[in-house]
Amino acid sequence: MKLTINGKDYTAYFGLDFIEALDSNEMVGTVSYNGMDVAVGTTMVIGLLADTRNPKYLVPIIKAALNTEDSIPTDVEIKKWIESQENLKNTVDAFLLNLQKVNLLQEMVNWKSVKIQNKEALKMFLG
284 MKLTINGKDY TAYFGLDFIE ALDSNEMVGT VSYNGMDVAV GTTMVIGLLA
334 DTRNPKYLVP IIKAALNTED SIPTDVEIKK WIESQENLKN TVDAFLLNLQ
384 KVNLLQEMVN WKSVKIQNKE ALKMFLG
């Protein structure tokens, strides 16, 4: 997925580094499971974006997806990019469509419950 934030081109990568970054997100924390602390950031943040369609959940998703880049935009730059999107519904759909295709996320997110409004939205960010 290609993004241009503050005039710089980035490629979003939704691999293990993405999952680790979201799981370590301070916004979510951990839950106790069988006496162990388990990170649930990936499941929570993607689930919240899918359920609420609240664009604030794009910030940690974008930040995590760009963590393999040489330089990462600031939260302020990411927020300005989100605010600059002409059709935010399509932007959210594009992210959800991309995330839905990631093999690593298939068992982590209940994709059957995710409602995608515009299946063509993905074309907005293809490079």
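Using this note's numbering, the first residue of the sequence shown is number 284, and each one after it goes up by one.
Cβ atoms here follow ideal geometry from the backbone N, Cα and C, with glycine treated the same way.
These figures come from a predicted structure and were not determined experimentally.
Taking 6 Å as the limit between beta carbons, can you name the residues of its chain near residue i, skipping five residues before and five after?
i      : result
Leu331 : Tyr340
Ala304 : Ala347, Asn350
Could you name the residues of the same chain whose beta carbon sits closer than 7 Å to that of residue i, not counting the 5 residues immediately before and after it, in chain order?
i      : result
Ile351 : Reading off the sequence shown, one finds Thr at residue 351, where the question assumed Ile. So the list reads Tyr296, Asp300, once near-sequence residues are dropped.
Pro338 : Ile365, Leu371, Val375
For residue i, count neighbouring Cβ atoms within 10 angstroms of its own Cβ and tell me buried if that reaches 16, exposed if not.
i      : result
Gly324 : buried
Asn381 : buried
Nearest CA to the CA of residue i: which residue from the options?
i      : options                        : result
Met391 : Lys291, Thr326, Tyr293, Ser307 : Thr326
Ile302 : Asp334, Ile345, Thr294, Glu369 : Ile345
Asn373 : Pro343, Ala333, Gln389, Ile355 : Ala333
Leu388 : Val342, Tyr293, Gly298, Asp353 : Gly298
Pro275 : Lys363, Arg336, Thr335, Ile329 : With the chain represented from 284 up to 410, any question about residue 275 goes unanswered, as that position is not in the structure.
Leu379 : Arg336, Gln368, Asp358, Lys285 : Arg336
Identify the continuous alpha helix (DSSP H) that holds residue i and give its terminal residues.
i      : result
Lys363 : 358-367
Thr374 : 371-383
Lys346 : 341-348
Leu274 : The structure shown does not extend to residue 274, since the chain spans only 284 to 410, so no value can be given for it.
Would you list the residues sitting across from residue i in a DSSP beta bridge?
i      : result
Leu331 : DSSP lists no partner for Leu331.
Val388 : Strictly speaking, residue 388 in this sequence is Leu, with Val absent from that position. Per DSSP, none; premise fails for Leu388.
Who are the near neighbours of residue i in its chain, counting only those whose CB is closer than 8 Å to its CB and skipping five residues on each side?
i      : result
Glu360 : Ile288, Asn289
Lys291 : Ser354, Pro356
What are the start and end residues of the beta strand (DSSP E) that includes residue i?
i      : result
Asp292 : 291-294
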